[in-house]
Every structure is written in structure tokens, then in C-alpha cells.
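J.: In short: position in the sequence shown from 1, add 689, done, that's the numbering used here.
For each residue, glycine too, the CB sits at the ideal point set by N, CA and C.
These numbers come from a predicted model, not from an experiment.
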Amino acid sequence: MGKENPAAAAARAPAAVPQLPPQPLPIRREIFRLAWPAILEMCLHMGVWMFDVAMVGRLGANALSATAVAGQIYWALIFLVAGIGVALTAVVSRLYGAGETREAERVGAQGLFLALVAGSLIGLVVWLGADALFGITGLGPEARANGVTYARIVCRGAPFVICGMALSGVLRGFGDTRTPMLVTAFVNLLNIVGDYLLIFGHLGFPALGVRGAALASVTAQATGAALLVFLLASGRLRARLDLAEVLRPRWETARRILRLAVPASLESLFTDLARTFGVLAVTSLGAVSMAAYEVTATTEALSFMPGYGFAIAATVLVGQSLGSGDPARARLAVGASARMALVFMGSLGVLFFLFPRPLVSIFTNDPAIIEVAARCLRVAAIGQPFMALQTVYVGALRGAGDTRTPMIIAGVTSWGCRLTLTYLVIFFFRLPVEWVWGVMNLDWALKLVWVRRAYRRGRWQSLAV
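#1: Hey, could you find the ends of the alpha helix (DSSP H) residue 1047 is sitting in?
#2: Return the Cβ separation of residue 849 and residue 901 in integer angstroms, given the expectation that the two are a contact with Cβ distance under 8 Å.
#3: Are there 16 or more other CB atoms within 10 angstroms of the CB of residue 946, so buried, or fewer, so exposed?
#4: So what does DSSP say about residue 1013, is it helix, strand or coil?
#5: Give the secondary structure of residue 771 by DSSP, where H, G and I count as helix, E and B as strand, and everything else as coil.
#6: Count the C-beta pairs between the stretch 1102-1120 and the stretch 1033-1043 that are closer than 8 Å, then say yes if the count reaches three, no if not.
#7: What do you get for residue 1032, buried or exposed, if any count of 16 or more other CB atoms within 10 angstroms of its CB means buried?
#8: Along the alpha helix (DSSP H) that carries residue 1109, what are the first and last residues, could you check?
#9: Assuming residue 1083 and residue 1140 make a contact with CB atoms under 8 Å, what is their CB distance in whole Å?
#10: How would you call residue 782, buried or exposed, if buried means at least 16 neighbouring beta carbons within 10 angstroms?
#11: With a floor of 4 residues, list each alpha helix (DSSP H) that falls wholly inside the stretch 1068-1146, ordered by position along the chain.
#12: Determine whether the beta carbon atoms of residue 861 and residue 778 lie at a separation below 8 Å.
#13: Look at the alpha carbon of residue 893 and the alpha carbon of residue 875, and state the distance between them as a whole number of angstroms.
#14: Specify, as a first and last residue, the run of the alpha helix (DSSP H) that residue 877 falls within.
#15: Below 8 Å between beta carbons: does that hold for residue 1164 and residue 751?
#16: Candidates 727, 774 and 1029: which alpha carbon is nearest residue 717's?
#17: Would you say residue 804 and residue 851 are within 8 Å of each other, going by their C-beta atoms?
#18: Do you know offhand how far residue 678's Cα is from residue 726's?
#19: Go to residue 952, then tell me how far its alpha helix (DSSP H) extends in each direction, as first and last residue.
#20: Closest to residue 929 by C-alpha separation, out of 968, 1061, 1052 and 796, would be which residue?
#21: From residue 693 to residue 1098, what distance separates their C-alpha atoms?
#22: Go ahead and label residue 999 buried or exposed: buried means 16 or more other beta carbons lie within 10 angstroms of its beta carbon, across all protein chains shown.
#23: With 16 other CB atoms within 10 Å as the buried threshold, where does residue 1147 fall?
#24: With three or more beta-carbon pairs closer than 8 Å as the criterion, would you say the stretch 1062-1080 touches the stretch 984-997?
#25: Pull up the distance between the alpha-carbon of residue 663 and that of residue 774, whole angstroms please.
#26: Have a look at residue 758 and residue 790 and give me their C-alpha separation to the nearest angstrom.
#27: Note down the Cα distance separating residue 709 from residue 1132, rounded to an integer number of angstroms.
#28: Need the endpoints of the alpha helix (DSSP H) that residue 861 sits in, please.
#29: Would you identify the three-state DSSP class for residue 931, choosing helix, strand or coil?
#30: Quick one, are the C-beta atoms of residue 785 and residue 793 less than 8 Å apart?
#31: Candidates 949, 815 and 847: which alpha carbon is nearest residue 836's?
#32: Between the alpha carbons of residue 719 and residue 1024, how many angstroms are there, rounded?
#33: Hey, how far is the Cα of residue 857 from the Cα of residue 969?
#34: Report the rounded CA-to-CA distance for residue 944 versus residue 847, giving the unit in angstroms.
#35: Buried or exposed: residue 1105, going by 16 or more other Cβ atoms within 10 Å of its Cβ?
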């Protein structure tokens, strides 16, 4: 057989260009382009949560305690399946980096199918179990009634919430963190307006109280999911969604997603359960210590946002780089993301250490709480570098398709170190609450040593997803 005519080959070359990712930017610019929308998205989530608490809090203790318990149960179940979004980012970014755009879109469609199924199951569980769960809480009759009402309305939004997480994961895999941020901003605005209109009955709307808060959330969540579906199906974004593919299950692809999603979900479960049991232990130290713990946790949450954003950037760039056969660029992205996270979170750690009182005073005016919380925040400041680096390295492993290692690390350290030592500090040594934050710092340091060792071993560079 003779050689192909070079002119004929060249004539066909442009047809393949649209299937390839855009020419990558210099690594620092690319990281920042991916990170800042993710950071802002996290800020928006925190903002709407604070607004919801402030609005429902005006209805009194019964309403606030009811929605707090219902929300804790509901979101704990939601995060059991949140690993679908993590898995989609890993698989889609790898395919997109390899130029397999059409297959990446098919994976996204299958992810949406799984999200619909998972969300419907979560909603059904909350609906059926709400009455029994609130029956064992010890809340009074009015709070229990409010909680059941709130849970049975808000659970209808579960399919929309999980679909939104899944589609955001697909967009991130394509290197688009801006669209999820903009949709989140719109959804949060809609939620806030809905709270204002439906909780208190403004502008001619009925005053529905707790029921209104739930309806506002579900309406906003449904609108956000519908908007993401519309944008992806319209072809206006880098990623596309073929709705026909969603209704055409591909079980091999579904298994491919679940293989990564299940460990990612278990990682969240192990961490959240350990945190919950730790909080229960802190309550034994008294009201002031518990309040100081909450104030410190809320203040420290400011530092999670940059870490989350740079971890997302590492996840996306590792997946795309490995897909394009460029592990060197993946390593470069991880190193740069880690340094940038260290600078941002380390700077916040310095602020926490130098100015703890003004920072915790934003959330309380009680002198006793401020005194204890300021000491806690100074201890928490020491852990910021460990937290920054650990978050990025975990993001890198996820981007490579290794969700099992972070799951094992989270399970062993959260229960073997954080929870065990917290109980020893409180019940055996009877030390004050700031020692609990010292235990957390040790936990972050142990996680960092373990995950960095797994990263440096380099097996993630040859994983198949």
C-alpha cells in the first residue's frame, strides 16, 4: 500500500480541531481561572446558609431548632451521594484532556441519570422517615411538627440538588468553573427572595413560616437544575448534554462512575460522622465552650474557601493533563496549586493568630465566648498550612481517579486520631476546648503526611478511569 497523500491528510486535519481542548494557558493563570469561581461559589453557599438561619431565626426557637435538625439529616443524606459530582469531574476531565469530547458528554448524561435516581431515593427516604426521626429527637410537639413539615417539603428538592452537583461536576471536567458559580449566584438570589416573600408574607404572598422557607429552597433548587440542563442542552457552553442519552442507560458507564463515586461519598460520610460525634463531646464542656467552638468553626470556615478553589483547580488540571498524556503538566499544576493555596490560607492563618478577638467578635458580643473563641482561633491558625496542602493533594488524587486513598485516609485519621483524641482530651484529661482544636491540627498534619506520601509514590499517574 502506498503512502497517503500529505495534502489529503492535511485537508482533513482541521475537522479534528473542535474535538480538542483549547490550548492551555500558563499554569498559574489556568489555576487562578479555575479557582476563583469555585472560591466565590463556596462563598455564595455560605452566604445563603447564613441568610436562611437569620430569616428562620426570626420565627423563634421552635422553628429554628426544627429546621436545623431537619437540615442536618437532609444534607447528611445528600452528601452520601455527592461523590457522583466528584467522579464525573475525574472521568470527564480525563476524556476531555484526551480529546474524547463526545464520550465525555455521554458520561455526563449517564451521571445525570444516576443523580436523578439517587436524588429520588434520598427524597423518598426523608419523606418516609421524617416522622420517626423527629419522634426520637426530644424536641417539643411544635418543633417536631415544624420539622416534619419542613423535611417533607425540602426533600422534594433532593433530585434537583444532586442533579445540580452532577452537572457542575461535568462542567468542571470541561474546565468550566464559571458557569456553576453564576448559576449558584442566581439560585441563591432566588432563595433569598423566596425566603423574604414566603416566610413573612410580603408583597401579597401568604406568610407560611417554616413551610415558606422550605418552598423557597425547593423552588430555587429546581430552577437551578433546570437552568443547568437548559444551558448544557442548548450548545452554548463548552460542554453539551444530549437529553436522549440521559434516558438511555449505559450500565458500563454507570459502573465506571460509581467506582469512583462510592469511595468519594464514603470519605464525606466518615469525616462528617466523626465531626458530629466530636461536637457531641464538646457539648459536655458547657454552653460557653460549645458556643466558642461554633464561633471558631464559623470563623475558620473563611479559610476553607481558597483551599476548596485550588483543590478544584488541581482536580481538573490533573485529569485533563493525564488525559492528554502529559503527567509532567499534572505535577506542575499540583505543585503550583499547593503553593498558591499555602499562600492564601497561610495568610488567613496569620490573621487568625494576630487578630482573633476582632474576628470572633463578628459572630458574638458575649465577652466570655469571645475570650474562649479567641484562644481557639489562635490554635486553629497553626493548622492552616497543613489544611491547605492536604486539600490540594486530595484534589489531585481525585483528578487522577483515585478516590479510594482519600477515603481510607479520612476513615482512619478522622476516627483513629481526631475523634479518639477528642474524647481523651475532654473526658480523660478534662482539658479546655482549645485542646480540641489542637487535636484537629494534629489530624490535618497526619492527613497531609499520608496523602503527600501517596502522591509522591506516583501511582496516580498511571491509573485508568
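T.: Let me lay it out:
#1: Sequence index remark: in the sequence shown, residue 1047 carries index 358 (1-based). Residue 1047 -> alpha helix (DSSP H) spans 1045-1049.
#2: Residue numbering aside, residue 849 sits at position 160 when the sequence shown is read from its first letter. Residue numbering aside, residue 901 sits at position 212 when the sequence shown is read from its first letter. The beta-carbon separation of residue 849 and residue 901, rounded to 18 Å, does not stay under the 8 Å limit for a contact.
#3: Counting from one through the sequence shown, the residue named residue 946 turns up at place 257. When all chains shown are included, residue 946 counts as buried.
#4: Here residue 1013 corresponds to residue number 324 of the sequence shown, with the count starting at 1. Coil.
#5: Counting from 1 along the sequence shown, the entry for residue 771 is found at position 82. The answer is coil: DSSP assigns residue 771 none of H, G, I, E or B.
#6: At 8 Å Cβ cutoff, the stretches do not touch.
#7: Residue 1032 sits at position 343 when you count from the first residue of the sequence shown. Its Cβ having fewer than 16 others within 10 Å, residue 1032 is exposed.
#8: Start at 1 with the first residue of the sequence shown, and residue 1109 comes out as number 420. Unbroken alpha helix (DSSP H) run through residue 1109: 1109-1112.
#9: Taking the sequence shown and counting its residues from 1, one reaches residue 1083 at position 394. Taking the sequence shown and counting its residues from 1, one reaches residue 1140 at position 451. Yes, residue 1083 and residue 1140 are in contact; Cβ-Cβ is about 6 Å, under 8 Å.
#10: Locating residue 782 in the sequence shown gives position 93, where the first residue counts as 1. Its Cβ being crowded by 16 or more others within 10 Å, residue 782 is buried.
#11: Within the stretch 1068-1146, the complete alpha helix (DSSP H) runs of at least 4 residues are 1073-1088, 1093-1102, 1109-1112 and 1123-1146.
#12: For the purposes of this step, residue 861 is taken as residue 172 along the sequence shown, with counting starting at 1. For the purposes of this step, residue 778 is taken as residue 89 along the sequence shown, with counting starting at 1. Against a cut-off of 8 Å, the Cβ pair of residue 778 and residue 861 comes out as a contact.
#13: As a working note, residue 893 is residue 204 in the sequence shown. As a working note, residue 875 is residue 186 in the sequence shown. Between residue 893 and residue 875, the C-alpha separation is close to 23 Å.
#14: Indexing the sequence shown from 1 puts residue 877 at position 188. Taken as a continuous stretch (DSSP letters only), the alpha helix (DSSP H) holding residue 877 covers 867-889.
#15: Outside the shown range of the chain, which is 690 to 1154, sits residue 1164, and nothing can be said about it.
#16: Along the sequence shown, read from residue 1 onward, the residue named residue 717 stands at position 28. The shortest Cα separation from residue 717 among 727, 774 and 1029 belongs to 1029.
#17: In the sequence shown, residue 804 corresponds to position 115, counting from 1. In the sequence shown, residue 851 corresponds to position 162, counting from 1. Yes; because the gap between Cβ atoms is below 8 Å, this pair is in contact.
#18: Here the chain has residues from 690 to 1154 only, and residue 678 is not among them.
#19: Locating residue 952 in the sequence shown gives position 263, counting from the first residue. Judged by DSSP secondary structure, residue 952 falls within the alpha helix (DSSP H) whose first and last residues are 940-971.
#20: Within the sequence shown, numbered from 1, the residue matching residue 929 stands at position 240. If you compare the alpha carbons of 968, 1061, 1052 and 796 with that of residue 929, the shortest gap goes to 796.
#21: Mapped onto the sequence shown, residue 693 falls at position 4. Mapped onto the sequence shown, residue 1098 falls at position 409. With a pLDDT of 45 at residue 693, under the threshold of 50, the modelled position of this residue cannot be trusted; read the value that follows with caution. When rounded, the distance between both Cα atoms is 53 Å.
#22: Within the sequence shown, numbered from 1, the residue matching residue 999 stands at position 310. The residue is buried, with at least 16 neighbouring Cβ atoms inside 10 Å.
#23: Numbered from its first residue, the sequence shown carries residue 1147 at position 458. Classification of residue 1147: exposed, given that the 10 Å Cβ count is below 16.
#24: The stretch 1062-1080, when compared against the stretch 984-997, does touch it at the 8 Å Cβ threshold.
#25: The first residue shown for the chain is 690 and the last is 1154, placing residue 663 beyond what the model contains.
#26: Along the sequence shown, one-based indexing puts residue 758 at 69. Along the sequence shown, one-based indexing puts residue 790 at 101. Distance between the alpha carbons of residue 758 and residue 790: 43 Å.
#27: On the sequence shown, residue 709 is found 20 positions in, with the first residue counted as 1. On the sequence shown, residue 1132 is found 443 positions in, with the first residue counted as 1. Low per-residue confidence applies at residue 709: pLDDT is 49, beneath 50, and the placement is therefore not dependable, though the value from the model is reported in the following sentence. Roughly 42 Å separates the two Cα atoms.
#28: Along the sequence shown, read from residue 1 onward, the residue named residue 861 stands at position 172. Run containing residue 861: 847-862, per the alpha helix (DSSP H) assignment.
#29: One-based indexing of the sequence shown puts residue 931 at position 242. Note: residue 931 maps to coil in three-state DSSP.
#30: Residue 785 sits at position 96 when you count from the first residue of the sequence shown. Residue 793 sits at position 104 when you count from the first residue of the sequence shown. Result yes, Cβ atoms of residue 785 and residue 793 sit closer than 8 Å.
#31: By 1-based counting over the sequence shown, the position of residue 836 is 147. Closest by alpha carbon: 815.
#32: The count along the sequence shown starts at 1 and reaches residue 719 at position 30. The count along the sequence shown starts at 1 and reaches residue 1024 at position 335. Cα to Cα, the separation comes out at about 13 Å.
#33: Against the sequence shown, residue 857 aligns to sequence position 168. Against the sequence shown, residue 969 aligns to sequence position 280. It is roughly 33 Å from the alpha-carbon of residue 857 to the alpha-carbon of residue 969.
#34: On the sequence shown, residue 944 is found 255 positions in, with the first residue counted as 1. On the sequence shown, residue 847 is found 158 positions in, with the first residue counted as 1. Distance between the alpha carbons of residue 944 and residue 847 is about 22 Å.
#35: Translated into positions along the sequence shown, residue 1105 becomes position 416. An exposed status is given to residue 1105, since fewer than 16 other beta-carbon atoms sit within 10 Å of its beta-carbon.
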